[in-house]
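Numbering (our numbering), first residue to last: 20 to 348. Inspection log for the structure reproduced underneath, given as structure tokens.
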Ligand code: SF4
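Okay, structure coming up:
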């Protein structure tokens with residue numbers, strides 16, 4: 020079997036705070052194959068954006084990687100210097116952040132920003148830079164006349180598309196996206212998702228997409244990773260997780276948004292709120308909110324167990340000797 024494009028093993032990220040270390044990402048394992056669309060979903064504060072920043076080499080103090088490896092094309096990104104990472108970013112992998120308005124330079128035209136990104140990663144003639152800039156803007160459906168525009172002259176959707184165009188300038192193998200559609204209305208969100216998927220299929224790059232909105236990725240991702248309290252709690256093919264969620268948290272997320280098909284059912288949220296990561300609950304981190312919690316859940320820490328085609332961090336899927344309630348005489 021060929022090596023995956025991205026392979027993450029036992030990744031841990033800690034924020035050093037006045038209250039002590041807070042583990043925001045704990046033992047995360049994931050792989051993304053060439054050309055695959057993988058999505059990471061979870062509530063705010065579950066660690067998904069920290070995970071993305073760690074993978075992209077964009078973490079700043081007080082956050083730091085404490086354990087694990089992030090192999091991209093066989094190179095462990097965790098061991099690289101900032102300079103070595105800069106050489107890879109944009110060319111081999113690129114990052115599209117949540118707010119294009121913050122990511123784009125407000126006092127530079129798109130042409131200037133595209134030129135700087137290309138010039139930092141190779142020697143290109145003016146014509147080559149202009150030609151590629153026109154090409155990527157067309158790819159995302161923006162008239163190249165906007166190369167002369169400043170970010171404030173573009174709509175929110177066009178700014179996000181410009182960021183995606185910029186991310187594609189140097190034909191990277193992986194595009195990492197942090198909620199790139201969250202500032203858009205529902206119609207613009209859907210249209211941008213369709214466009215990202217079409218571009219991915221046309222150009223063959225892989226996508227790692229982070230979002231709090233599980234419904235957004237249902238028709239676009241190949242693999243789904245559900246994150247809760249810094250850990251991956253379910254991972255599997257997207258269709259499997261949507262049709263047969265094996266973890267009670269995934270089930271809760273799915274029941275929290277309406278479906279336009281099928282019978283009308285009342286929407287159910289997940290009671291309670293995510294735990295304080297400075298003091299996560301003992302045992303299963305989801306046990307204070309879990310409708311299926313049983314005796315060992317507040318003492319035994321679940322691992323990721325096989326659950327059909329998926330893997331689930333739930334004792335209901337553990338081998339019997341791990342998950343059996345303690346017998347008291
Ligand atoms: Fe719920 Fe227990 Fe499974 Fe955790 S291990 S998700 S508390 S049933």
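Positions of the beta carbon are idealized from the N, C-alpha and C atoms, including for glycine.
In the structure shown, residue 289 adopts coil according to DSSP, grouped into three states.
Residue 145 counts as exposed, since fewer than 16 other C-beta atoms from the protein chains shown sit within 10 angstroms of its C-beta. Classified as exposed, residue 328 has fewer than 16 neighbouring CB atoms from the shown chains inside 10 Å of its CB.
The bridge partners DSSP lists for residue 40 are 35. Of all C-beta pairs linking the region 31-44 to the region 256-274, fewer than three are shorter than 8 Å, placing the two stretches out of contact.
Taking C-alpha positions only, residue 177 is separated from residue 161 by approximately 7 Å.
Judged by DSSP in its simplified three-state form, residue 48 adopts strand. In this structure, 77 is the residue among 77, 89, 300 with its C-alpha nearest to the C-alpha of residue 108. Here residue 103 is exposed, its C-beta having fewer than 16 other C-beta atoms within 10 Å.
Taken through DSSP and simplified to helix, strand or coil, residue 88 comes out as strand. In this structure, ligand 1 has a non-hydrogen atom nearer than 7 Å to the beta-carbon of residue 313.
Each residue's CA atom was taken as its position, placing residue 165 and residue 129 some 7 Å apart.
The straight-line gap separating the alpha-carbon atoms of residue 97 and residue 142 is approximately 28 Å. Selection 158, 116, 323 evaluated against residue 200 yields 116 as nearest (Cα-Cα). Burial check for residue 297: the Cβ neighbour count within 10 Å stays below 16, so the residue is exposed. In the DSSP assignment, residue 72 falls outside any beta strand (DSSP E) and lies within the alpha helix (DSSP H) extending over 67-75. Taking C-beta separations shorter than 8 Å and ignoring five residues to either side along the sequence, the partners of residue 273 in its chain run 233, 261, 264, following chain order. Under the DSSP assignment, residue 228 falls in the beta strand (DSSP E) whose first and last residues are 225-230.
Between the region 58-78 and the region 239-247, the count of Cβ pairs shorter than 8 Å is three or higher; the stretches touch.
Restricting attention to alpha helix (DSSP H) runs no shorter than 4 residues, the region 158-215 encloses them at 175-187, ordered along the chain. Residue 45 and residue 300 have their C-alpha atoms spaced approximately 14 Å apart. Annotated three-state conformation of residue 151 is helix, per DSSP. No heavy atom of ligand 1 is found nearer than 7 Å to the CB of residue 290. The alpha-carbon of residue 207 is positioned some 25 Å away from that of residue 64.
Around the Cβ of residue 139, a 10 Å sphere holds fewer than 16 other Cβ atoms; the residue is exposed. With a cutoff of 7 Å, residue 334 counts as near ligand 1, since its C-beta is closer than that to a heavy atom of the ligand. Taken through DSSP and simplified to helix, strand or coil, residue 22 comes out as coil. Assignment of residue 82 by DSSP, reduced to helix, strand and coil, places it in the strand class. Secondary structure of residue 28 (DSSP, three-state): strand. Per DSSP, residue 332 lies in no beta strand (DSSP E) and is assigned neither H nor E.
Here residue 21 is exposed. Its C-beta has fewer than 16 other C-beta atoms within 10 Å. Shown here, residue 143 sits in coil according to DSSP, grouped into three states, outside any helix or strand. Using a cutoff of 7 Å, the CB of residue 305 counts as near ligand 1, since one of the ligand's heavy atoms is closer than that. For residue 319, there is no enclosing alpha helix (DSSP H), as DSSP marks it with neither H nor E.
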